[in-house]
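Residue 224 in the numbering used here sits at position 223 of the sequence shown, with consecutive numbering throughout.
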Amino acid sequence: MMFDRRLVQYFDWWLLLLTLMIAGIGVGLIYSSVNAVETASASKIYLKQLSWLGIGMIVMVAGFVVSYKKLDRWSPIIYIVCTGMLVAVLISGKTVGGATRWLDLGLFGIQPSEPAKICIILILAHYLAKQVKPWGMGIRELMTPLVLTLIPFTLVLLQPDLGTALLLLLIAGAMAVFAKIERRTFFALLTAAVTLGPLGWFFIEDYQRTRILMLFAPESDPTGAGYHILQSKIAVGSGMLYGKGYMEGTQNILSFLPEQHTDFIFSVLAEEWGFAGSAGLLILFLLLIAFGLNIAYGCRDDFGTLLAFGITAMIFWQTIINIGMVIGLMPVVGMPLPLVSYGGSSIVTTLLGIGILLNISMRRFVKD
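Written as structure tokens, this is what we have:
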């Protein structure tokens, strides 16, 4: 079989460049965020991130080497494997900070809830692609994707990881709406969600309820549950227009800012580079999302279109939730900023998603 030169012709170099730029900013911010902690283990965190970035790049290449159309056939098996990993976490997972989210594989640990995002996108794209209709899907067609979503949602919620569980629902909801739902069915589901949604309050953990309450009154417990939000808002506000300079943020240097290299890394950026630097990173994310939507729009088959849209929705919602959490518009739910926050499972999963986007971009004009 001869090599198709169109695969190189349609390779999205701009998407790759955007990805590398955002990841590079992340490494720089991680180096700055751990500089305030004078321990040997902390100083190695940015080196670990570089290692994970390298592994993620290999996974990204693997994501676009084989045609994405084969993922359509493999998606049920991939979904079963991911679900099995989530079950294994609840049975023999590693508990850190009161939550059981990790599987110890010897040389390294993995957080199965991260690849579960890609798994749910794959299985929904596989199913919804066969249900696309001009008039939209009804309740009967939506029952299967609902069950497919609720299984990993429940398993992740039991870890407990409310943030990732809600992210899975947001991704699934966005993909279903994109595939098109009958108007009366859509409003019926929306009414049910608004009506039954508040009942979820009685099924979440006490600390999760506290975090939601702290969104409205963090000053009521400034040294306890409200500490994260207050210190983050102080860091963001003190950066003003141009920031205090790289590695000069006082909230970071004095270690007032919690989880500064993971969930609250955007606060480090805002304090050091101000509104200008924050806006610059947001523009890069906006461009990344726009490229993803353009790939979805240009794809010629329903599976590829839904797959590209689902991955773009994953990056979009993660970015929105993380930044909303950092500036006090959303509860603290432990959501990493894609490609920027420290974390092996997170960056490898995101780069795998980018690899699949590049895959679709390369082959969207190629017919089997």
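Don't be surprised by glycine CBs; every beta carbon is placed ideally from N, CA and C. Small disclaimer: the values here were computed from a predicted structure and weren't measured.
Assigned secondary structure, residue 138 (DSSP; H/G/I helix, E/B strand, else coil)
strand
Closest by CA to residue 114, which one among 78, 128, 130 and 154?
154
Separation of residue 202 from residue 257, as counted between CA atoms:
31 Å
For residue 301, which of helix, strand or coil comes out of DSSP?
coil
When you compare each of 254, 22 and 210 to residue 288 by their alpha carbons, which one comes out closest?
22
What would DSSP say about residue 328, mapped onto helix, strand or coil?
coil
In whole angstroms, give me the CA-to-CA distance for residue 358 and residue 293.
7 Å
Between which two residues does the alpha helix (DSSP H) containing residue 212 stretch?
207-215
Around the C-beta of residue 144, are 16 or more other C-beta atoms found within 10 angstroms, so that it is buried, or is it exposed?
exposed
Taking only the alpha-carbon atoms, compute the straight-line gap between residue 370 and residue 166 and give it to the nearest angstrom.
Beyond the ends of the chain as shown, which are 2 and 369, falls residue 370; an answer cannot be given.
Where the alpha helix (DSSP H) through residue 171 begins and ends:
163-180
Compute the distance between the beta-carbons of residue 346 and residue 81, then report whether it is under 8 Å.
no
Checking 8 Å against the spacing of the C-beta atoms, do residue 364 and residue 69 come in under that value?
yes
Which word fits residue 173, buried or exposed, when buried means at least 16 other C-beta atoms lie within 10 angstroms of its C-beta?
buried
Where does residue 365 sit, in a helix, a strand or coil, going by DSSP?
coil
Beta-bridge pairing of residue 105 - partner residues as DSSP gives them:
110
Of the residues 152, 230 and 96, which one's Cα is nearest the Cα of residue 117?
152
Consult DSSP for residue 9 and reduce its assignment to one of helix, strand or coil.
helix
Tell me where the alpha helix (DSSP H) around residue 70 begins and ends.
70-93
Rounded to the nearest angstrom, what separates residue 305 and residue 15 at their Cα positions?
20 Å
According to the Cβ coordinates, are residue 273 and residue 299 closer than 8 Å?
no
Out of 217, 64, 229 and 205, state which residue places its alpha-carbon closest to the alpha-carbon of residue 17.
64
Under the assumption that residue 177 contacts residue 123 (Cβ atoms under 8 Å), give the Cβ distance between them as a whole number of angstroms.
Going by Cβ atoms, the distance from residue 177 to residue 123 rounds to 15 Å, so no, they are not a contact pair.
Bridge partners of residue 97, per DSSP?
100
Considering only their Cβ atoms, is the gap separating residue 215 from residue 222 smaller than 8 Å?
yes
Is residue 204 helix, strand or coil by DSSP?
coil
Between residue 34 and residue 247, is the Cβ-Cβ spacing less than 8 Å?
no
Other residues of its chain near residue 87: CB distance less than 8 Å, five sequence neighbours each side excluded
113, 114, 117, 153, 156 and 157
Can you list, in chain order, the residues of its chain whose CB lies under 6 Å from that of residue 323, leaving out five sequence neighbours each side?
336 and 338
DSSP-derived helix/strand/coil call for residue 224
coil
Nearest-angstrom Cα separation, counted from residue 285 out to residue 27:
12 Å
Quick one: residues in its chain with C-beta nearer than 7 Å to the C-beta of residue 119, no 5 flanking neighbours on either side, listed in chain order?
350, 353 and 354
I'd like to check one pair, residue 125 with residue 311: are the Cβ atoms closer than 8 Å?
yes
Assuming residue 297 and residue 320 are in contact, meaning their beta carbons sit under 8 Å apart, how far apart are those beta carbons, in whole angstroms?
At roughly 17 Å, the Cβ-Cβ gap does not stay under 8 Å, so residue 297 and residue 320 are not in contact.
Please give the ranges of any beta strand (DSSP E) in the stretch 256-297, keeping only runs that are unbroken, at least 3 residues long and fully inside the region.
none
If residue 133 sits next to residue 180, beta carbons under 8 Å apart, how far is it from one beta carbon to the other, in whole angstroms?
6 Å
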